[in-house]
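Chains as they are written, first to last, in the numbering used here: chain A, 315 to 475; chain B, 315 to 475. Idealized CB from N, CA, C, for every residue including glycine. Please read the structure below before turning to the comments.
Protein chains: 2
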Amino acid sequence: MEDVIRSFGYLSLGSRLKRLGEQLQADAQRVLDRLDVPIQSSQYPLLAALDRLGPLPVGELALSLGIAQPGVTRSVALLGELGLVEVSPSDDDQRRRIVSLSRNGRRLVDAAKRDVWPQIENAVAQLCANLSGPLLSQLATIEDRLAATSLDRRAEKVATP
Amino acid sequence: MEDVIRSFGYLSLGSRLKRLGEQLQADAQRVLDRLDVPIQSSQYPLLAALDRLGPLPVGELALSLGIAQPGVTRSVALLGELGLVEVSPSDDDQRRRIVSLSRNGRRLVDAAKRDVWPQIENAVAQLCANLSGPLLSQLATIEDRLAATSLDRRAEKVATP
DNA sequence: TGATTTTCCATATGGTGTTATATATCAAGT
DNA sequence: ACTTGATATATAACACCATATGGAAAATCA
Chain A
315 MEDVIRSFGY LSLGSRLKRL GEQLQADAQR VLDRLDVPIQ SSQYPLLAAL DRLGPLPVGE
375 LALSLGIAQP GVTRSVALLG ELGLVEVSPS DDDQRRRIVS LSRNGRRLVD AAKRDVWPQI
435 ENAVAQLCAN LSGPLLSQLA TIEDRLAATS LDRRAEKVAT P
Chain B
315 MEDVIRSFGY LSLGSRLKRL GEQLQADAQR VLDRLDVPIQ SSQYPLLAAL DRLGPLPVGE
375 LALSLGIAQP GVTRSVALLG ELGLVEVSPS DDDQRRRIVS LSRNGRRLVD AAKRDVWPQI
435 ENAVAQLCAN LSGPLLSQLA TIEDRLAATS LDRRAEKVAT P
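This is how it looks when you write it as structure tokens:
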């Protein structure tokens, strides 16, 4: 069965990137599930941003993640309910709500940094190894490699050398 | 403000591809809106698949688009209500529902092929022109170019040389 | 100071994707 | 023919992102 998205080249590059990104996220989810924490792979960037940049107001969090503000508000509410982030009002500006990692959030990030993020990073790096040439060719190679061996299986192999 | 997704390299490649794909789709939407047809950019691949491959049952449509079957079922229902696709039972297998372009659907695809798809394709090609090197570098260049000049503005310039 | 504009965040709504599951039909074996 | 299992599609439930909009606080300015 012909892959139409692929056939259309540049015309459907947006759909193709989105599709591939979602597949990578779904595969990464299976690796992350080993932490036994009930959060989605898409929530980790927010936690990682707080880890890397420190406490941030909602708007700056949205900027640093490159997504729209309502998405951050929703994620913060979710992660807040799970006790992974905390929200406190800004001292100087009552409109701002500063988001920071909670104790448990920090623990989770530390565990992830130690146990699973390296696996994912290595698996993706392996997936993208020795690529060259035009973007569309590189994408095709990645898609083919992923179809042959999923990211989470690559992570397993990397994890136990 | 640091782009965290970008900073994390391979670790957040999935989020990054999805984000970039969504941005391209959103930009393409603005170009497609010139057709005055109230459908989303993400629906065009389905129409394009029917145009390219002819009438197909739901399952094969899902395969050729690389998405899950329920997504196709929903899109077909939507496009059916808009009168752009038609569904007919298969002769030999009562379970199968064959999806095909309606008269209006064909008209829309023909107009899109003539008027807007080339613009989008050229704009994306321009966006990706003269790229080389590792995937992550190429992505960064695309992101930078897109931030400087959005895809729909590129399409305008390409349209009126 | 009081009025207006801007900024920040929350909420509402819509669209698309997923997985899990139900239903209907086909196919195969007894 | 009947039961059983596989297959095709629909439906339900959930996640995520976007735009539009509203309300509160801050900033600006007459």
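G335(A) has a beta carbon lying within less than 8 Å of a beta carbon in chain B. In the structure shown, L370(B) falls within a strand segment according to DSSP collapsed to helix, strand and coil.
Following the DSSP letters along the chain, one finds V351(A) in no alpha helix (DSSP H), marked with neither H nor E. DSSP lists S414(B) as the bridge partner or partners of E400(B).
Counting along the chain, no alpha helix (DSSP H) covers P448(B), and no H or E run does either. Residues of the segment 383-404 of chain A that bring their beta carbon within less than 9 Å of a beta carbon in chain B are absent altogether. With the rule of 3 Cβ pairs closer than 8 Å, the segment 448-458 of chain A counts as touching the segment 444-458 of chain B.
Runs of the alpha helix (DSSP H) spanning 4 or more residues and lying entirely within the segment 376-400 of chain B occur at 383-395, in chain order. Among the residues facing chain A, A425(B) is not included, as its CB has no counterpart in that chain under 8 Å away. Look at V318(A) here: in three-state DSSP terms it is helix. Beta-carbon to beta-carbon, I412(A) and V401(A) are separated by about 7 Å, close enough to satisfy the 8 Å threshold. For A439(B), the enclosing alpha helix (DSSP H) starts and ends at W431 to L441.
Annotation for V345(A): V430, Q433, I434, D466 and A469 place their beta carbon closer than 7 Å to its own, counting only its chain and skipping 5 residues before and after.
Around the Cβ of S404(B), a 10 Å sphere holds fewer than 16 other Cβ atoms; the residue is exposed.
Segment contact: the segment 406-420 of chain B against the segment 355-374 of chain B, three or more CB-CB distances shorter than 8 Å; contact assigned. In this structure L396(A) does not touch D365(A) by the C-beta definition: roughly 16 Å separates them, more than the 8 Å allowed. Neighbours of I434(B) in chain A, taken as residues whose beta carbon is under 7 Å from its own, are L325 in chain order.
About 26 Å separates the beta carbons of V423(B) and L334(B), which is beyond the 8 Å limit, so they are not a contact pair. DSSP places R409(B) in the coil class of the three-state scheme, outside both helix and strand.
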